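Participant:
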Ligand SMILES: NC(=O)c1ccc[n+]([C@@H]2O[C@H](COP(=O)([O-])OP(=O)(O)OC[C@H]3O[C@@H](n4cnc5c(N)ncnc54)[C@H](O)[C@@H]3O)[C@@H](O)[C@H]2O)c1
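Numbering (our numbering), first residue to last: 23 to 351.
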C-alpha cells in the first residue's frame, strides 16, 4: 500500500527534506505544504531532481492549506520556524492522523509551548522525534561505539559565531553530548556566559558566547561561538583512552588512542547532507516504528534547559526581565 509523508514548511530545510524524499524506495505520496507558492515550487523541483536520479516511485503534491494533506500520514515533518512550530503542529494534528512525527530543532521559542505540545502529543499518542542528526552520522555513531566504556567524555567545540551561533547550532552539540553519554535526560547543569547578540539566520538575532553543559563532572561540553573570528567549526572529543579532532568543514578526522600509542592518524569523516538523510529516517519509521533521531521527550528536556540558559542571558542583554521568546529560528 502506498505511504503518505507530509512536509510542513518548505523553506530552507523543508526543501532539503523534499529533496531527500525524492530518493525513497517506498511507493509514497509526499505532501509539500507551505503557504508560500515559491517554497513548494522549489521543494518540488528538488524532489524531482532526486527522483530522476534515483528512479524513486514517490510522487509529490504541492499544498497550500492543511485541509489538502492526506490522512492518515505515516510520517509528518514539521519544518516551520520555532516561533511558528506549535501553531503548525496544532493545525497539522487537527486535520488528520499522524503516525510518526519529526520536528525540527530549535523545538519551540517559548517555554509554555513545550507543555502545550507535550499534552497534545500525549493525548493523541503520536510518536515524535527531533531532527538533531549528528547522532545518525556514521562518523559520530562509530565514535559513540568506541567511547561506550569511557568514564569521561569531554567535547570542546569552537567556531565563528557567524557559522555556528549558540542558538541555532549549539543544540546539535548538547544533543551529541547526550548521545555520547547514552542519556535520556537534560544535562545536570547547562549555562551560557559572555553572551552577545550577533546577526543570525533570516534577519533574526542569535548569540555568541560560551555554552557549557555537564552530565555530572566527567561528561561535559564546552561550546565557544566566537564573534571576532571566521574560524571553522572544529569538534574535539576526548575519552579515557581515545582522542578525536573532527574537522566537519573539511570532512576529516584526526584520531589517536592508547592502542596506537597516541599517534594521531587522519581519516575521512563524511558529513551527510539533510538531502541524503530524511528518506532513510522516514523509511526506518515506516518499517520499524523507530529511528536514530532523538526521541521527543529526551530532546525536549535538553531544549528546555537550553531555552532557560539563553533566555537568562537575553534578558540581561536587553535589560528586560519579562522577555519570553527566543529571537532565532
Ligand atoms: N536540523 C537541522 O540541521 C536544521 C537545519 C536548518 C534549519 N533547521 C530548523 O528548521 C526550521 C526552519 O528553518 P528554515 O531555515 O527552513 O526557515 P524558513 O523560514 O526558510 O522556512 C520556514 C517555512 O515555513 C513556512 N511557514 C510559515 N508558517 C507556516 C505554517 N503555519 N504552515 C506551514 N508552513 C509555514 C514559511 O512560508 C517558510 O517557507 C528552523 O527552526 C531551523 O532552526 C534545522
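All residues carry an ideal CB built from backbone N, CA and C; glycine is no exception.
Please read these numbers as outputs of a predicted model, since none were measured by experiment.
Checking 7 Å against the spacing of the C-beta atoms, do residue 93 and residue 118 come in under that value?
Facilitator: Yes.
Participant: Just list the alpha helix (DSSP H) runs in the segment 56-80, keeping only unbroken ones of 4 residues or longer that don't cross its boundaries, in chain order.
Facilitator: Whole alpha helix (DSSP H) segments, 4+ residues: 59-76.
Participant: Do residue 84 and residue 62 come within 7 Å of each other at the CB atom, strictly closer than that value?
Facilitator: Yes, they are a contact pair.
Participant: Less than 6 Å separating the Cβ of residue 153 from some heavy atom of ligand 1?
Facilitator: Yes.
Participant: When the Cα atoms are used, what is the spatial distance from residue 318 to residue 128?
Facilitator: Their backbone Cα atoms lie some 12 Å apart in a straight line.
Participant: Given this structure, state the Cα-to-Cα distance separating residue 345 from residue 333, to the nearest angstrom.
Facilitator: Straight-line Cα distance between these residues: approximately 7 Å.
Participant: Hey, residue 126 and residue 100 are a contact pair by Cβ (cut 8 Å); roughly how many whole angstroms apart?
Facilitator: So it is a contact: roughly 6 Å between Cβ atoms.
Participant: Per the contact definition of three or more C-beta pairs closer than 8 Å, is the segment 176-194 in contact with the segment 242-260?
Facilitator: A contact exists between the segment 242-260 and the segment 176-194.
Participant: Look at the Cβ atom of residue 271, then the Cβ atom of residue 249, and state whether they are nearer than 7 Å.
Facilitator: No, Cβ-Cβ distance for residue 271 and residue 249 is not below 7 Å.
Participant: Whole angstroms are fine: how far does the CA of residue 110 sit from the CA of residue 310?
Facilitator: Taking the straight line joining both Cα atoms gives about 26 Å.
Participant: Which of helix, strand or coil does DSSP assign to residue 85?
Facilitator: Residue state, collapsed to three classes: strand.
Participant: Taking the beta carbon of residue 146 as the centre, do at least 16 other beta carbons fall within 10 Å, making it buried, or is it exposed?
Facilitator: With fewer than 16 Cβ atoms within 10 Å of its Cβ, residue 146 is classed as exposed.
Participant: Suppose the cutoff is 6 Å on Cβ atoms and the five residues either side in sequence are ignored; what does the same chain contact list for residue 154 look like?
Facilitator: Closer than 6 Å at Cβ, skipping near neighbours: 127, 194, 197 and 316.
Participant: Check whether the Cβ of residue 58 lies closer than 6 Å to any heavy atom of ligand 1, and answer yes or no.
Facilitator: Flag set: Cβ of residue 58 near ligand 1.
Participant: State yes or no: is the beta carbon of residue 254 nearer than 7 Å to at least one beta carbon in chain C?
Facilitator: Among the protein chains of the structure shown there is no chain C, as only one such chain exists.
Participant: How would you label residue 96, buried or exposed, when you count the other beta carbons within 10 angstroms and need 16 or more for buried?
Facilitator: Residue 96 is buried by the Cβ-count criterion.
Participant: For residue 25, which of helix, strand or coil comes out of DSSP?
Facilitator: Residue 25: strand per DSSP, three-state reduction.
Participant: Residue range of the beta strand (DSSP E) that residue 310 falls in?
Facilitator: From DSSP, residue 310 is part of no beta strand (DSSP E) but of the alpha helix (DSSP H) over 300-310.
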